[in-house]
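Chains as they are written, first to last, in this note's numbering: chain A, 2 to 275; chain B, 16 to 321. Here's the structure we're looking at; comments come further down.
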């Protein structure tokens, strides 16, 4: 084992100092969200003298965050379910096939990671409008499923390729069909990478701003980032309210991230190997 | 026992022609939404780039007119230059710094797990929200960043981080690095974890120091990972939109206009009639530029390796 040296201590101090660069803005964000308007105008960076918790209740009601949370949750969960089911099913085949066509399909999916898909927004807008989906939850769920499938397939396929083939094949030898082998053996083994798929896609879908602004703007189905932005526009000088709404908006993703973070590294490790 | 294994290999290996049908049946549910909601719209974009279309009336075919206009559009090429500067500036800091941080985590520091979580924190924030937060942070009057700098006496007068042309691009690069470095570090760290521990240990036995181990063992073995991580960073930065839109919106006076904020104006500028044909031509050009830079990067890398 490596010895603990003064240099290691110096390194640790540096690493902690760097982490302050990440923590400090978050601290300011939270502390401002709890200050009264006069105290914010004074401009001090210390902790709030009295906790102005009314910022939170005002932000919650003023930005109608309750409804927005419901919309965001529904869209995120439905998109994740579609991505997990469709992505893992496709990868079961893509990771094991030796046919040319199968390999071509894999490349086709990889293409989706490189192409700039913000651009798909406009042609899709027309498609959604013509098919009457504009402004509905469906427009968002279908868009995110199509958009994020390449990355999901990339992660699942990498993980499956790094996994010994024998696991799923033992079931096939015993006479199970591919469907059964997938459902009973392979899918449960995919748990760690599914954690990665959930956290990375959830962060993306929950935080996305441009798409819901264009597809849902002005309807009752608006998601959290859109609602926050309109709120920020209205209360631009009341930073206490603005930052309280921002803290509320990031809280769900933060909790999800802390719960699933161990899967992130595991997922990357296998993804990079594959 | 051997026979069973052989039988297993004979039956179970991969996919048979007959079974391929099952395979494609499993692939199809994913392929359809991907084709319809991702690839097809991109194909449409290519089609619109040869049309004059405002999004309301019928489009009309205009051949290469849009592309000729792209070639003559000085503002566009300024935005391309800014995008390339922005990307180069970010990568020049981000890659060495995240490699160093990842290596520190790899050699082991106390509380590494907690620190990694903190570094990764900005990634959880939406780029749009990062834009709002730093818009407040970097304000010239009363912004916390200037308060601190003045408080410890580094600067005499407040710095105009976002309103001055030179500063704005640097601020954007800094905030971009802040938001991105955690995930880059994490990717490098995950890559280092795949390096066999024996190699590191035997190097230590032979008396290699931390730096020598990094230079002669970790860096070469990490190369496949580095190649992909840097490529993804290049592509991601060239495609920047959200952060730039909310932090500077291309200002002041176009000093931080990047490719995607510029072409967005022709799609969705609320005050003007959309020029979707022209925006599509810009978008196609932007994609080609991203492609050229990516290929050039891989070429240079291959040359440097051999």
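Built from N, CA and C at the ideal position, the CB exists for glycine as well.
- Query: Does DSSP put residue 90 of chain B in a helix, in a strand, or in coil?
  - Reply: helix
- Between residue 184 of chain A and the ligand ATP, is the CB less than 8 Å from at least one heavy atom? Of the ligands one can find in the structure shown there are none, so the ligand ATP has no counterpart to examine.
- Query: Which runs of the alpha helix (DSSP H) spanning at least 4 residues fall entirely within the region 114-182 of chain B, listed in chain order?
  - Reply: 127-139, 142-152, 159-166
- Partners in chain B for residue 262 of chain A, counting only beta-carbon separations shorter than 9 Å: 128, 131, 132, 135
- Item | Those residues which DSSP pairs with residue 76 of chain B across a bridge | B/66
- Message: Which complete alpha helix (DSSP H) runs does the region 184-232 of chain B hold, if anything under 4 residues is left out?
- Response: 212-220, 225-228
- Query: Using a Cβ-Cβ distance under 9 Å, would residue 37 of chain B count as near chain A?
  - Reply: yes
- Task: Specify the secondary structure class of residue 9 of chain A as computed by DSSP and reduced to three states.
- Result: helix
- Message: Once the 5 residues before and after residue 78 of chain B are set aside, which same chain residues still bring their CB inside 7 Å of it?
- Response: 65
- Item | Whole-angstrom distance between residue 215 of chain A and residue 161 of chain A, CA atom to CA atom | 37 Å
- Item | Beta-carbon proximity of residue 296 of chain B to residue 279 of chain B, cut-off 9 Å | no
- Message: If I measure Cβ to Cβ from residue 114 of chain B and keep anything under 7 Å in the same chain, skipping five residues before and after, which residues do I get?
- Response: 203
- Stretch pair the region 146-166 of chain A + the region 45-55 of chain B: three plus CB contacts closer than 8 Å: The region 146-166 of chain A, when compared against the region 45-55 of chain B, does touch it at the 8 Å Cβ threshold.
- Return helix, strand or coil for residue 251 of chain B, following the three-state DSSP convention. helix
- Would you say residue 63 of chain A and residue 246 of chain A are within 9 Å of each other, going by their C-beta atoms? yes
- the region 156-190 of chain B: positions lying closer than 7 Å to chain A by Cβ: 157, 159, 162
- Neighbourhood of residue 173 of chain A by C-beta, 6 Å cutoff - its chain only, sequence neighbours within 5 removed: 182
- Item | Close beta carbons around residue 32 of chain A, own chain, < 7 Å, minus the five adjacent residues each side | 48, 49
- Residues near residue 203 of chain A by beta carbon distance below 8 Å, same chain, minus five either side: Cβ-Cβ distances below 8 Å link residue 203 of chain A to 77, 81, 254, 257 in the same chain, with the five nearest sequence neighbours on each side left out; the list follows chain order.
- Message: List, in chain order, every chain B residue whose beta-carbon is nearer than 7 Å to that of residue 13 of chain A.
- Response: 124, 125
- Item | Alpha-carbon spacing of residue 289 of chain B relative to residue 71 of chain B, whole angstroms | One C-alpha to the other measures close to 9 Å.
- Task: Count the other CB atoms, across all protein chains shown, that sit within 10 Å of the CB of residue 56 of chain B; report buried if there are 16 or more and exposed otherwise.
- Result: With 16 or more Cβ atoms within 10 Å of its Cβ, residue 56 of chain B is classed as buried.
- Query: Hey, does residue 188 of chain A have any beta-carbon neighbour from chain B nearer than 9 Å?
  - Reply: For residue 188 of chain A, no Cβ of chain B is located within less than 9 Å of the residue's own Cβ.
- Query: Beta-carbon separation of residue 206 of chain A and residue 66 of chain A under 9 Å?
  - Reply: If you check the CB distance, residue 206 of chain A and residue 66 of chain A do not come in under 9 Å.
- Can the beta-carbon of residue 199 of chain A be found less than 9 Å from the beta-carbon of residue 261 of chain A? yes
- How about the region 221-235 of chain B and the region 171-180 of chain B: do they share at least three Cβ pairs that are nearer than 8 Å? no
- Message: Do residue 101 of chain B and residue 276 of chain B have their beta-carbon atoms positioned less than 9 Å apart in this structure?
- Response: no
- Item | Cutoff 9 Å: residue 63 of chain B Cβ touching any chain A Cβ | yes
- Anything in the region 48-73 of chain B with a Cβ closer than 9 Å to a Cβ of chain A? List those residues in chain order, please. Cβ contacts with chain A come from 48, 49, 50, 51, 52, 53, 54, 55, 56, 57, 58, 59, 60, 62, 63, 70.
- Query: Since residue 274 of chain B and residue 94 of chain B are thought to touch, with beta carbons under 8 Å apart, how far apart are those beta carbons, to the nearest angstrom?
  - Reply: 5 Å
- Item | Presumed contact (8 Å Cβ cut-off) between residue 60 of chain A and residue 142 of chain A, rounded CB distance | Contact check for residue 60 of chain A and residue 142 of chain A: beta-carbon distance about 27 Å, past the 8 Å limit, so the pair fails to qualify.
- Leaving out five residues on either side along the sequence, give the residues of the same chain with a beta carbon under 6 Å from the beta carbon of residue 196 of chain A. 261, 264
- Query: Where does residue 258 of chain A sit, in a helix, a strand or coil, going by DSSP?
  - Reply: helix
- Query: Got a sec, what are the start and stop residues for the alpha helix (DSSP H) residue 88 of chain A sits in?
  - Reply: In the DSSP assignment, residue 88 of chain A falls within the unbroken alpha helix (DSSP H) covering 66-97.
- Task: Let me know the secondary structure DSSP gives residue 100 of chain A once reduced to three states.
- Result: Residue state, collapsed to three classes: coil.
- Item | For residue 147 of chain A, the nearest candidate out of A/168, A/124, A/113, A/171 (CA to CA) | A/113
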